[in-house]
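Below is one structure, written out as structure tokens, with a few remarks after it.
Residue numbers (my numbering): 3 to 293.
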């Protein structure tokens with residue numbers, strides 16, 4: 003009788019874990035552990051270990067199935083540095099949208115022509131400050147999987163940093179600086195050195211929102227925000243609604259057109275940008291202006 007009861011409990015634990023993982027993206031530990039502890043009296047550490055083992059097994063089977071059916075296909079673009087081809091679609095770093103808004107011809111020189119230039123002092127400082135913030139966050143952070151954080155945020159506010167997001171559907175990927183998760187909304191934060199919202203920085207955080215939304219199965223509101231780096235100053239924010247989504251999708255389509263050679267790279271019309279551009283000595287447009 004005890005054996006039969008054990009079989010029944012483990013069967014329903016496995017079924018629950020499968021449904022939770024498949025339909026809600028939950029970790030098996032959220033289902034299996036409580037059932038084994040409550041009904042079979044298994045030691046909590048043992049129960050968590052069994053649940054995590056099932057997670058590993060499920061992931062391995064999924065990876066094998068994807069590979070066997072050739073559903074997951076990731077390659078590097080043969081001509082454009084930094085662009086990957088994921089599931090047959092060009093996929094580029096979201097941070098490029100900031101550069102695209104500054105001057106598209108910079109993208110052409112750096113990633114299509116392979117021109118290498120040094121970092122500006124502002125870029126070096128930004129990287130240093132960014133790393134300091136991450137180290138400070140890690141000092142008090144509690145390790146957890148994304149699924150665990152997502153589930154916890156349904157009842158309590160939580161914060162995560164440096165979350166990698168990717169959307170094969172829209173062809174974008176990148177790291178979000180910080181996400182505030184509450185029972186009512188997600189706030190996607192991108193840190194910037196100043197306190198002025200430019201079109202390029204707005205597009206960047208909108209793309210993060212799009213990729214994040216594409217990754218989760220959650221009806222909570224998504225808000226995009228820009229924050230002055232090293233401070234708590236949120237100087238711009240908006241709800242990621244249909245208009246914002248339509249706008250960023252249009253820009254992503256343009257980027258895809260650039261990669262495919264269907265659209266021309268448009269140089270900036272602002273001469274002040276040209277004066278401080280790192281690619282001055284390589285820019286044919288700047289040379290034509292001086293002639």
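Idealized CB from N, CA, C, for every residue including glycine. Every value quoted in this text rests on a predicted model; they were computed, and no experiment measured them.
Classify residue i: buried if its beta carbon has 16 or more other beta carbons within 10 angstroms, exposed otherwise.
i, result
"residue 244", "exposed"
"residue 282", "exposed"
"residue 77", "exposed"
"residue 250", "buried"
"residue 286", "exposed"
"residue 38", "buried"
"residue 261", "buried"
"residue 48", "exposed"
"residue 176", "buried"
"residue 111", "buried"
"residue 17", "exposed"
Kindly give me the distance between the Cβ atoms of residue i and residue j, rounded to whole angstroms, as I take these residues to be in contact under 8 Å.
i, j, result
"residue 357", "residue 247", "For residue 357 there is no data in the structure shown, the boundaries of the chain being 3 and 293."
"residue 157", "residue 185", "6 Å"
"residue 166", "residue 225", "With 8 Å as the limit, residue 166 and residue 225 do not qualify as a contact, their Cβ atoms being about 20 Å apart."
"residue 41", "residue 85", "So it is not a contact: roughly 51 Å between Cβ atoms."
"residue 267", "residue 152", "About 39 Å; that fails the 8 Å criterion."
"residue 82", "residue 174", "Not quite, the Cβ-Cβ distance comes to about 15 Å (not below 8 Å), so this is no contact."
"residue 87", "residue 209", "Their Cβ separation, rounded to whole angstroms, is 19 Å, which puts residue 87 and residue 209 out of contact at 8 Å."
"residue 102", "residue 202", "7 Å"
Could you name the residues that DSSP lists as bridge partners for residue i?
i, result
"residue 95", "175"
"residue 192", "228"
"residue 223", "187"
"residue 169", "174"
"residue 239", "227"
"residue 86", "78, 93"
Where residue i and residue j are concerned, what is the direct C-alpha to C-alpha distance, given to the nearest angstrom?
i, j, result
"residue 1", "residue 278", "It is not possible to answer for residue 1, since the shown part of the chain is limited to 3 through 293."
"residue 33", "residue 154", "14 Å"
"residue 252", "residue 190", "20 Å"
"residue 120", "residue 14", "59 Å"
"residue 169", "residue 216", "6 Å"
"residue 273", "residue 118", "22 Å"
"residue 106", "residue 150", "40 Å"
"residue 1", "residue 93", "As displayed, the chain neither begins before 3 nor continues past 293, which places residue 1 out of reach and without an answer."
"residue 204", "residue 228", "8 Å"
"residue 91", "residue 275", "32 Å"
"residue 113", "residue 35", "48 Å"
"residue 171", "residue 89", "9 Å"
"residue 146", "residue 179", "17 Å"
"residue 213", "residue 79", "21 Å"
"residue 5", "residue 233", "59 Å"
Should residue i be flagged as near chain C, meaning a C-beta pair shorter than 8 Å?
i, result
"residue 118", "Absent from the structure is chain C; it holds one protein chain and no more."
If you scan the stretch 259 to 287 from start to end, which runs of the alpha helix (DSSP H) of 4 or more residues do you find wholly inside it? 273 to 277
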